[in-house]
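Protein chains in written order, with the numbering used here: chain A, 1 to 226; chain B, 1001 to 1418.
The next block holds one structure in the form of structure tokens; read it before the comments.
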Ligand SMILES: Nc1ncnc2c1ncn2[C@@H]1O[C@H](COP(=O)(O)OP(=O)(O)O)[C@@H](O)[C@H]1O
Ligand SMILES: [Mg+2]
């Protein structure tokens, strides 16, 4: 469960201070499928970095499964990411010249999972992400965009995280493959995964069951769908 | 974050090794070119040290082949520090056979060999040569580490009986009896300074050339040489074999005292002889070549440093190129120390691999130098271990800065990096 209370984020560039997040408060329960939607520059990615324990807020508290993540140091943040977070990026960020299996199993290397168990776990995650079994041993740079994003989703799933965070996951895909990726998130959500989808597109956001609209670092509207 | 705490890593060693090898092998051309600097550096260190060590040991071997624990007494005043006047030691005649026999009873003296040397024309039935004729006693071969290849050295009774027997060196054999079987050379007659001598032995070759080459000598009994060649009671020099290296100094002192007494000289600075210690010459020569070796190694070492800088340059490029990968690894839970280790391991693998190839190349070069230029080389285990350690050390030294730089990348910015 995610509980955010008055999250603020301020960046200082030279003399100038910019408040990017201006006090956000919301709760996301386990098993929800939430879209965070807003125009470019509204602070979506900044928020995702905080929710994903890549960064800490300037002020406010962020409880993830009851643990206050907002004041942790680098070591502790890395541990949170390792155990609880699965990221899906717009640019896929796969290791080139590495096989699909190796890409998906990479988080398990840092999680200390023994080598002989990794392949099985990675395969399970790939099947969950709807990736074609025939291509498990292909190199990541031999795949199409849609295939790459499924590998990235499998990689995000492999540690069985409490939270799947996807920042513009369809941004580099055409509409049709984008739809397939979004269907994958829907399916994963139905299996019980908490999914947070970050997008600037209304069409994409509509796939979620709740939309948090943000603009200029503030929540405009918290909308339930259906 | 807590900088003082022990770095926390999550990656296992086996995985680190696997990640490292896959990174190094994913760009083989570049890894190879980067290693080349280390390969050349290590190879030149190995080859240079091998050449230097080879020179050192061949000088030592040459000097010790002159005789073990050898002291040489020469006539003439000793050279003292600060004295510019040399008392013409080669021409002075102060030492006699009686002096030599008196020394054999001293403790620490194993064998005494009084000797004379004359340059003479030596003639066989078919050929002739001009060479050194050494007047020697029966102890000569032992004192000078000389072995007899064929026949026998002359006996005490031949020496005391003024026998006209001769032992010749292998070069002289070749000059005088080319084409004749060695066994039939024994018993042949040659003339030295017009007198007929019977060949009783041939010495084994010691090799070498120029100074210290004894293969071109002929040896006759000292008594015979004194009577027919030098015509004097004096000897050219006296060689002494001490019982061990450790008594050389005390034996030198004993000999000095005994000869001063025999020659009735009270002031040691006015001595009419001087004693040369072969070990001193050996250690001087070997310290000179040691310095030479160190110099060669230092020059080669510079190329190692250049290779190290190449590694650093390549690692910095790699870190920049793989910024997104670093960001991703951090996003999925890699600790800062995991990243440091990963890049450090890559640098170390490159240098150690380069080191191993360099050792083999250096070995090959040393072999080639010996094979094609007839220069003695010696690849020592020490220099290999050192080269190996140095290459790993270079990996750590020059890989550390890029690795730390990688580990300090902010994951958010790294993921956004284009
Ligand atoms: N490291 C940073 N330093 C200064 N300003 C930043 C930094 N990161 C983001 N910003 C600013 O914060 C605002 C929100 O950025 P971002 O969260 O990336 O927006 P979105 O993802 O909604 O497009 C932008 O105006 C951006 O320029
Ligand atoms: Mg964004």
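Glycine included, every Cβ here is placed at the ideal spot set by N, Cα and C.
Give me the Cβ distance between residue i and residue j, rounded to the nearest whole Å; I'm assuming they're in contact under 8 Å.
i                       : j                       : result
residue 1251 of chain B : residue 1106 of chain B : 7 Å
residue 164 of chain A  : residue 196 of chain A  : 7 Å
residue 83 of chain A   : residue 1336 of chain B : The Cβ separation is near 17 Å, so there is no contact.
residue 38 of chain A   : residue 200 of chain A  : 7 Å
residue 9 of chain A    : residue 46 of chain A   : 5 Å
residue 1168 of chain B : residue 1199 of chain B : 6 Å
residue 1362 of chain B : residue 1044 of chain B : 7 Å
residue 129 of chain A  : residue 150 of chain A  : 5 Å
residue 1060 of chain B : residue 1282 of chain B : 6 Å
Is the beta carbon of residue j closer than 9 Å to that of residue i?
i                       : j                       : result
residue 1049 of chain B : residue 1286 of chain B : no
residue 1406 of chain B : residue 54 of chain A   : no
residue 1411 of chain B : residue 1326 of chain B : yes
residue 1038 of chain B : residue 1394 of chain B : yes
residue 1414 of chain B : residue 1328 of chain B : yes
residue 1072 of chain B : residue 1183 of chain B : no
residue 1163 of chain B : residue 1241 of chain B : no
residue 1338 of chain B : residue 1011 of chain B : yes
residue 1051 of chain B : residue 1366 of chain B : yes
residue 1093 of chain B : residue 1246 of chain B : no
residue 92 of chain A   : residue 52 of chain A   : no
residue 1193 of chain B : residue 1228 of chain B : yes
residue 24 of chain A   : residue 153 of chain A  : no
residue 1122 of chain B : residue 1191 of chain B : yes
residue 1111 of chain B : residue 1142 of chain B : yes
residue 1257 of chain B : residue 1263 of chain B : no
residue 1204 of chain B : residue 1170 of chain B : yes
residue 182 of chain A  : residue 170 of chain A  : yes
residue 228 of chain A  : residue 1334 of chain B : An answer regarding residue 228 of chain A cannot be provided, because it is not within the stretch 1 to 226 covered by chain A.
Please confirm whether residue i has its beta-carbon closer than 9 Å to some beta-carbon of chain A.
i                       : result
residue 1022 of chain B : yes
residue 1335 of chain B : yes
residue 1012 of chain B : yes
residue 1412 of chain B : yes
residue 1332 of chain B : yes
residue 1019 of chain B : yes
residue 1325 of chain B : yes
residue 1031 of chain B : no
residue 1344 of chain B : no
residue 1371 of chain B : no
residue 1405 of chain B : no
residue 1062 of chain B : no
residue 1397 of chain B : no
residue 1283 of chain B : no
residue 1001 of chain B : Residue confidence for residue 1001 of chain B is low, a pLDDT of 41 falling below 50, so the modelled location carries little weight; the figure read from the coordinates is stated next. Judged by the 9 Å Cβ criterion, residue 1001 of chain B is in contact with chain A.
Beta carbon of residue i: closer than 8 Å to some heavy atom of ligand 3?
i                      : result
residue 221 of chain A : Among the ligands in the structure shown, ligand 3 does not appear; only ligand 1 and ligand 2 can be found there.
Looking at residue i and ligand 1, is the gap between the Cβ and the nearest heavy atom below 8 Å?
i                       : result
residue 46 of chain A   : yes
residue 56 of chain A   : no
residue 1413 of chain B : yes
residue 204 of chain A  : no
residue 1323 of chain B : no
residue 62 of chain A   : no
residue 11 of chain A   : yes
residue 18 of chain A   : yes
residue 66 of chain A   : no
residue 23 of chain A   : no
residue 52 of chain A   : no
When every heavy atom of ligand 2 is checked, does at least one fall within less than 8 Å of the C-beta of residue i?
i                      : result
residue 168 of chain A : yes
residue 198 of chain A : yes
residue 144 of chain A : no
residue 40 of chain A  : yes
Taking only beta-carbon atoms, is residue i less than 9 Å away from chain B?
i                      : result
residue 75 of chain A  : yes
residue 82 of chain A  : yes
residue 159 of chain A : yes
residue 71 of chain A  : no
residue 79 of chain A  : yes
residue 151 of chain A : no
residue 111 of chain A : yes
residue 216 of chain A : no
residue 115 of chain A : yes
residue 2 of chain A   : no
residue 106 of chain A : yes
residue 277 of chain A : This structure leaves residue 277 of chain A out entirely; chain A is present only between 1 and 226.
residue 54 of chain A  : yes
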